[in-house]
Ligand SMILES: Cc1cc2nc3c(=O)[nH]c(=O)nc-3n(C[C@H](O)[C@H](O)[C@H](O)COP(=O)(O)O)c2cc1C
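Residue numbers (our numbering): -18 to 202.
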C-alpha cells in the first residue's frame, strides 16, 4: 500500500468485529512504527497492548467510572480550556456529523451518553493500546509521540486493521496504571482502539472533511 493511499484511507473507526487480532500483526505494526523520528532520537514511547480479560475489565472499570459521574482528567492539557472561533466550529461539526449519522437527536441525552461511554470500551475493539511517557519529557516529545501514533495507524491499515486514536482512554490514568501495574509517575498520553473494522456499522460510514491546502498554506518565493 502506498503511503498516500494509507493517509487517505485511515479514518477514526468506532465499531469493530469481535475477531481477535493476531499477536504477530501487532508486533509487525510496532516494529514498523518504532522507526518514527524523535528529537535527538529520544524515542519517548512506552506502549501497553491490552487484550482479552484484561481489556474487558479495564473497559468496565473506566465505563463505570464515567457512568457514575467521575469526570476523570487527562495528565496533560490536550484540548483548549475554552473553545473559540473556527476550532469551536470544527469541534461542533465533528460531533454533529457523528450524531446525525447515528440519528441521535440533540435532546436524546441517553443515547449521546451511551455513544460516548463506548469510548471507554475502545468501541469494543479486541485490542486497546495505551501510550505512556516519562514525566521528565517535555512538549517536544509529545510531538514525536504523534508521529509514532500516526505510524501505527498507517501500518495497521496495511495489515487490514482499523484504529481510533482516543484521548478518552487517557481520562482515567489512575485506573489504567493501577490495573496494568505502571508506576504513578509515568504519564498516560492517550490510547487507541485496534481491530478489524465492522464495515456494516453506520458509525463507520462517514468521512470527516478537511480544509483545502490553500486555506492553511502560504508560499513565499
Ligand atoms: C490524539 C487524538 C485523540 C482522539 N480522541 C478521540 C476520542 O477520545 N474519541 C473519539 O471518538 N475520537 C477521537 N479522536 C478521533 C478524531 O475525532 C478524528 O481523528 C477526527 O474527527 C478526524 O476524523 P478521521 O480520523 O476519521 O479522519 C482522536 C483523534 C486524535 C488524533
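Here a beta-carbon is modelled for each residue, glycine too, at the ideal position from N, C-alpha and C.
Looking only at C-alpha atoms, which of the options sits nearest to residue i?
{"i": "residue 166", "options": "34, 57, 49 and -10", "result": "57"}
{"i": "residue 217", "options": "148, 83 and 69", "result": "Residue 217 lies beyond the range of the chain shown here (-18 to 202); nothing can be said about it."}
{"i": "residue -4", "options": "182, 64, 112 and 107", "result": "182"}
{"i": "residue 178", "options": "-8, -16, -13 and -17", "result": "-8"}
{"i": "residue 169", "options": "152, 80, 113 and 161", "result": "113"}
{"i": "residue 130", "options": "25, 38 and 99", "result": "25"}
{"i": "residue 192", "options": "16, 200 and 71", "result": "71"}
{"i": "residue 180", "options": "-1, 158, 68 and 23", "result": "-1"}
{"i": "residue 121", "options": "21, 63 and 60", "result": "21"}
{"i": "residue 196", "options": "11, 31, 67 and -14", "result": "67"}
So residue i is in the alpha helix (DSSP H); what residue range does that whole segment cover?
{"i": "residue 154", "result": "154 to 161"}
{"i": "residue 67", "result": "66 to 82"}
{"i": "residue 201", "result": "Element bounds for residue 201: n/a, residue is neither H nor E."}
{"i": "residue 46", "result": "33 to 48"}
{"i": "residue 117", "result": "Segment: none, residue 117 is in no alpha helix (DSSP H) and carries neither H nor E."}
{"i": "residue -15", "result": "-16 to -10"}
{"i": "residue 58", "result": "Careful: residue 58 lies outside any alpha helix (DSSP H) and carries neither H nor E."}
{"i": "residue 92", "result": "90 to 98"}
Since residue i is in the beta strand (DSSP E), which residue starts that stretch and which ends it?
{"i": "residue 23", "result": "Taken as a continuous stretch (DSSP letters only), residue 23 belongs to no beta strand (DSSP E), as it is neither H nor E."}
{"i": "residue 7", "result": "Not the beta strand (DSSP E): residue 7 falls in the alpha helix (DSSP H), residues 4 to 14."}
{"i": "residue 168", "result": "168 to 176"}
{"i": "residue 143", "result": "143 to 147"}
{"i": "residue 109", "result": "108 to 114"}
So, are the CB atoms of residue i and residue j less than 8 Å apart?
{"i": "residue 104", "j": "residue 145", "result": "yes"}
{"i": "residue 55", "j": "residue 156", "result": "no"}
{"i": "residue 46", "j": "residue 40", "result": "no"}
{"i": "residue 140", "j": "residue 35", "result": "no"}
{"i": "residue 2", "j": "residue 110", "result": "no"}
{"i": "residue -18", "j": "residue 138", "result": "yes"}
{"i": "residue 142", "j": "residue 171", "result": "no"}
{"i": "residue 160", "j": "residue 48", "result": "no"}
{"i": "residue 189", "j": "residue 78", "result": "yes"}
{"i": "residue 147", "j": "residue 128", "result": "no"}
{"i": "residue 96", "j": "residue 85", "result": "yes"}
{"i": "residue 175", "j": "residue 106", "result": "yes"}
{"i": "residue 17", "j": "residue 186", "result": "no"}
{"i": "residue 136", "j": "residue 13", "result": "yes"}
{"i": "residue 118", "j": "residue 23", "result": "yes"}
For ligand 1, is there any heavy atom lying closer than 7 Å to the beta carbon of residue i?
{"i": "residue 82", "result": "no"}
{"i": "residue 146", "result": "yes"}
{"i": "residue -8", "result": "yes"}
{"i": "residue 171", "result": "yes"}
{"i": "residue 235", "result": "Lying outside -18 to 202, the shown extent of the chain, residue 235 is not represented and no answer is given."}
{"i": "residue 199", "result": "no"}
{"i": "residue 189", "result": "yes"}
{"i": "residue 185", "result": "no"}
{"i": "residue 168", "result": "no"}
Please confirm if residue i has its CB atom under 8 Å from at least one CB of chain B.
{"i": "residue 80", "result": "Going by chain labels, chain B is absent from the structure shown, which holds only one protein chain."}
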